[in-house]
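Asks: Per the UniProt record's numbering, the sequence shown runs over residues 1 to 384. Where is the CB? At the ideal position from N, CA and C, for every residue including glycine. Everything numeric in this text was worked out from a predicted model, so none of it was measured.
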Amino acid sequence: MTSFTKKPKDHENNDFELIVFSPGRINLIGEHTDYNNGFVMPTAIDKKIILKFKKNGTKDFCRIFSKTFQKGFEFHLDKTIEKGKGWENYILGVVQEIISNDLKPEGFDCLIESKLPVGAGISSSAALECGVASGINALFDLGLTDLEIVKLSQKAENEFVGSNCGIMDQFASVMSRKGTIIKLDCLNLEPEYIPADFKNCKLLLLNTNVSHNLADSDYNSRREECETAVKIIQNEFPEIASLRDVNFEILKNFKNKLSAKMYDRCLYVLKENERVLAAANELKSGNLKSFGELMYASHEGLQNQYEVSCKELDFLVDHSRNKDFIYGSRMMGGGFGGCTINLIEEDRIDSYIQEVSEAYLQEFNIKLDAISVLPDQGTQILKN
Ligand code: GAF
């Protein structure tokens, strides 16, 4: 694999055969539940990565250029693909996964432009993986279904990148429908599409602009803690496959057999699953205040029991409290930085952004970024 910084000359031409719009995602509630076979409520948003593809006439030579990073790299399609650095691996991992599925793409060029901030917790990585998988699939008529693209992209992130993520981000990026929120059962991957009717409110993301170093390893260790707890419970209940099968009573009986931390992690997951189910009903019934209270409760669990928040996120959530025009606020995504998601009355958004940005700057000397988001369609492909 070779890296370069100059955009290839023929990437100037507008002769790309197809354009893929691959969205980021938000998650209203249901954090760290996906890899425990639980429930989540994500959707794709109107901020996307745009990927242009064309065949380049070779059997196996591929060339990628990112307009955003002003960097590119080229590689050959091979059974074992050499690892690159950072963002390159999300692409290389997907290509490797496609090849190991015995599919036979040929050489291609790909030009990428991202409108998604990296490290903000809106899943630029899943958008990149799914965008690449969808583009190669369409360019070479490989016949992968949307769900296969979702699973293949997650596997690339797990095995090639080494981040043990669940399925939520890839599922939301590909399968979302405009104007709806998905209530996803991660056990059977059955989505329910709920109209995103937030009345006089909007969803506002506040990006802390911090992403703490240990995010990946701490994420993986949370997952391990849950899996170890399941193994301990399996000693007495072999039929239990994941935390999804554990109820509050069983968990209570294991309190002395699990470490205090492990017990807290599991308790959080069980409660968060309950909150997602309740939140879906509140959204369907239009009870936005109750919906918002569940968001606050979710944050509290993530902060104190699951311990994946950080002081910047906590500050933003605390700052939003006791304001009658903000119904709910919580950290979103894996944690340790990134964004909060806020359900806020539309006509108060501008003044709140100004006020909270000043307070945040004063507290941390960091600029806050506000991102208004709309629930949008999953992956879209335009053929030239
Ligand atoms: C990250 C992961 F990629 C998701 O699978 C999910 O676990 C999320 O963190 C936490 O809910 O975005």
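Decide if the segment 200 to 219 is in contact with the segment 50 to 62; the criterion is three or more beta carbon pairs, one per stretch, under 8 Å apart.
Replies: Judged by Cβ distances under 8 Å, the segment 200 to 219 makes no contact with the segment 50 to 62, as fewer than three pairs qualify.
Asks: Touching or not, the segment 65 to 74 and the segment 2 to 17, by the rule of three or more beta carbon pairs under 8 Å?
Replies: Contact holds: three or more Cβ-Cβ distances are below 8 Å.
Asks: What are the start and end residues of each continuous beta strand (DSSP E) run of 3 or more residues lying completely inside the UniProt domain "GHMP kinase N-terminal" (89 to 176), in chain order?
Replies: If we require 3 residues or more, the beta strand (DSSP E) runs fully inside the UniProt domain "GHMP kinase N-terminal" (89 to 176) come out as 108 to 114.
Asks: I'd like the list of long-range same chain contacts for N89, defined as Cβ closer than 8 Å, with 5 residues on each side in sequence excluded.
Replies: Residue mapping note: residue 89 aligns to position 89 of the sequence shown, counting from 1. The residues are K83, F160 and V161.
Asks: Would you report the Cα separation of S298 and I29, rounded to the nearest angstrom?
Replies: Start at 1 with the first residue of the sequence shown, and residue 298 comes out as number 298. Start at 1 with the first residue of the sequence shown, and residue 29 comes out as number 29. Going by the C-alpha atoms only, they are around 7 Å apart.
Asks: Work out the CA separation of G334 and I50 for me, nearest whole Å.
Replies: For the purposes of this step, residue 50 is taken as residue 50 along the sequence shown, with counting starting at 1. For the purposes of this step, residue 334 is taken as residue 334 along the sequence shown, with counting starting at 1. One C-alpha to the other measures close to 24 Å.
Asks: Under 7 Å, do D34 and M168 count as touching if we go by C-beta distance?
Replies: For this step, residue 34 is matched to residue 34 along the sequence shown. For this step, residue 168 is matched to residue 168 along the sequence shown. Yes.
Asks: Alpha carbons only, please: which of L316, I233 and I344 is nearest the one belonging to G338?
Replies: Counting from one through the sequence shown, the residue named residue 338 turns up at place 338. Out of L316, I233 and I344, L316 has the C-alpha closest to the C-alpha of G338.
Asks: Use the C-beta contact count for residue 446: other C-beta atoms within 10 angstroms, 16 or more gives buried, fewer gives exposed.
Replies: What is shown of the chain runs 1 to 384, which leaves residue 446 out entirely.
Asks: Please determine whether the Cβ atom of G166 lies at a distance below 6 Å from any heavy atom of ligand 3.
Replies: With respect to ligand 3, the structure offers nothing, as its ligand set consists of ligand 1.
Asks: Indicate, with yes or no, if ligand 1 has a heavy atom lying under 6 Å from the CB of D185.
Replies: Within the sequence shown, the letter at position 185 stands for residue 185. The answer is no for D185.
Asks: How is Q377 classed by DSSP in three states: helix, strand or coil?
Replies: Locating residue 377 in the sequence shown gives position 377, counting from the first residue. Note: Q377 maps to coil in three-state DSSP.
Asks: Take C201 and list the residues in its own chain whose beta-carbon comes closer than 7 Å to its own, dropping the five residues that flank it on each side.
Replies: Working through the sequence shown from its first residue, we reach residue 201 at position 201. Counting only Cβ-Cβ distances below 7 Å, and skipping sequence neighbours, we find L288, Y327, L343, I344, E345 and E346.
Asks: Our contact map puts N248 next to L270 with C-beta atoms below 8 Å; I'd like the distance itself, whole angstroms only.
Replies: Counting from 1 along the sequence shown, the entry for residue 248 is found at position 248. Counting from 1 along the sequence shown, the entry for residue 270 is found at position 270. For clarity, residue 248 is Phe in the given sequence; the question names Asn instead. Correct: roughly 6 Å between the Cβ atoms.
Asks: Run through DSSP, which three-state label would C201 get?
Replies: Residue mapping note: residue 201 aligns to position 201 of the sequence shown, counting from 1. Correct three-state label for C201: strand.
Asks: Do R275 and S294 come within 7 Å of each other at the CB atom, strictly closer than that value?
Replies: Counting from 1 along the sequence shown, the entry for residue 294 is found at position 294. Counting from 1 along the sequence shown, the entry for residue 275 is found at position 275. For clarity, residue 294 is Leu in the given sequence; the question names Ser instead. Yes; because the gap between Cβ atoms is below 7 Å, this pair is in contact.
Asks: Can you tell me whether A44 is helix, strand or coil according to DSSP?
Replies: Taking the sequence shown and counting its residues from 1, one reaches residue 44 at position 44. A44 falls in the strand class under three-state DSSP.
Asks: Compare the Cα-Cα distances from G292 to each of F237, R330, Y268 and G135 and report the closest residue.
Replies: Sequence index remark: in the sequence shown, residue 292 carries index 292 (1-based). Out of F237, R330, Y268 and G135, R330 has the C-alpha closest to the C-alpha of G292.
Asks: Can you list the beta strand (DSSP E) stretches of 3 or more residues lying completely in the segment 28 to 87, in chain order?
Replies: Runs found: 42 to 55, 61 to 66 and 71 to 76.
Asks: At a Cβ threshold of 7 Å, is I167 touching chain D?
Replies: Absent here is chain D; the protein component of the structure consists of one chain.
Asks: Considering S259, what are the terminal residues of the alpha helix (DSSP H) in which it resides?
Replies: In the sequence shown, the residue the question calls residue 259 occupies position 259. Per DSSP, S259 belongs to no alpha helix (DSSP H) and is neither H nor E.
Asks: Would you say the beta carbon of H32 comes nearer than 6 Å to a heavy atom of ligand 1?
Replies: For this step, residue 32 is matched to residue 32 along the sequence shown. At least one heavy atom of ligand 1 is nearer than 6 Å to the Cβ of H32, so yes.
Asks: Below 6 Å CB to CB, which residues in the same chain sit around I112 once its five sequence neighbours on both sides are set aside?
Replies: Here residue 112 corresponds to residue number 112 of the sequence shown, with the count starting at 1. For I112, where only same-chain residues beyond five positions count, the Cβ hits under 6 Å are L51 and S66.
Asks: Say whether the segment 149 to 157 touches the segment 89 to 101, bearing in mind that this needs 3 or more beta-carbon pairs closer than 8 Å, one atom from each stretch.
Replies: At 8 Å Cβ cutoff, the stretches touch.
Asks: Between which two residues does the beta strand (DSSP E) containing G328 stretch?
Replies: Your numbering for residue 328 matches position 328 in the sequence shown. Per DSSP, G328 belongs to the beta strand (DSSP E) from I326 to M331.
Asks: For the alpha helix (DSSP H) containing G179, name the first residue and the last one.
Replies: Position 179 of the sequence shown, counting from 1, holds the residue named residue 179. G179 -> no alpha helix (DSSP H), and no H or E assigned at all.
Asks: Kindly indicate which residue of F254, D318, N37 and I99 has the alpha-carbon position closest to the one of D78.
Replies: On the sequence shown, residue 78 is found 78 positions in, with the first residue counted as 1. Selected option, being the one with the closest Cα: I99.
Asks: Just reading off the beta strand (DSSP E) that Y193 is part of, what are its end residues?
Replies: Residue 193 sits at position 193 when you count from the first residue of the sequence shown. Y193 -> beta strand (DSSP E) spans E190 to P195.
Asks: According to DSSP, is C310 helix, strand or coil?
Replies: By one-based count along the sequence shown, residue 310 stands at place 310. Correct three-state label for C310: coil.
Asks: List the residues that DSSP assigns as beta-bridge partners of T2.
Replies: What you label residue 2 is simply residue 2 of the sequence shown in a count that begins at 1. Its beta-bridge partners are E74.
Asks: Tell me whether the beta-carbon of I26 lies closer than 7 Å to the beta-carbon of I45.
Replies: Here residue 26 corresponds to residue number 26 of the sequence shown, with the count starting at 1. Here residue 45 corresponds to residue number 45 of the sequence shown, with the count starting at 1. Closer than 7 Å, so yes.
Asks: Under 6 Å from any heavy atom of ligand 1, does the C-beta of G333 make it?
Replies: Numbered from 1 along the sequence shown, position 333 holds the residue referred to as residue 333. Yes; taking the cut-off as 6 Å, the Cβ of G333 has a heavy atom of ligand 1 nearer than that.
Asks: Nearest to K151 by alpha carbon, out of A138, K261, D141 and S134?
Replies: Reading the sequence shown from its first residue, position 151 is the one you call residue 151. Ranking A138, K261, D141 and S134 by Cα distance to K151 puts S134 first.
Asks: I need the boundaries of the alpha helix (DSSP H) containing D288, first residue and last residue.
Replies: Working through the sequence shown from its first residue, we reach residue 288 at position 288. For clarity, residue 288 is Leu in the given sequence; the question names Asp instead. Element bounds for L288: L288 to N304.
Asks: Between the Cα of C165 and the Cα atoms of I366, R222, T180 and L302, which residue gives the shortest distance?
Replies: The residue labelled residue 165 in the question sits at position 165 within the sequence shown. Among I366, R222, T180 and L302, the Cα nearest to that of C165 is on R222.
Asks: Would you check if the distance between the CB atom of L103 and the CB atom of L142 is smaller than 7 Å?
Replies: On the sequence shown, position 103 is the one that residue 103 refers to. On the sequence shown, position 142 is the one that residue 142 refers to. Result yes, Cβ atoms of L103 and L142 sit closer than 7 Å.
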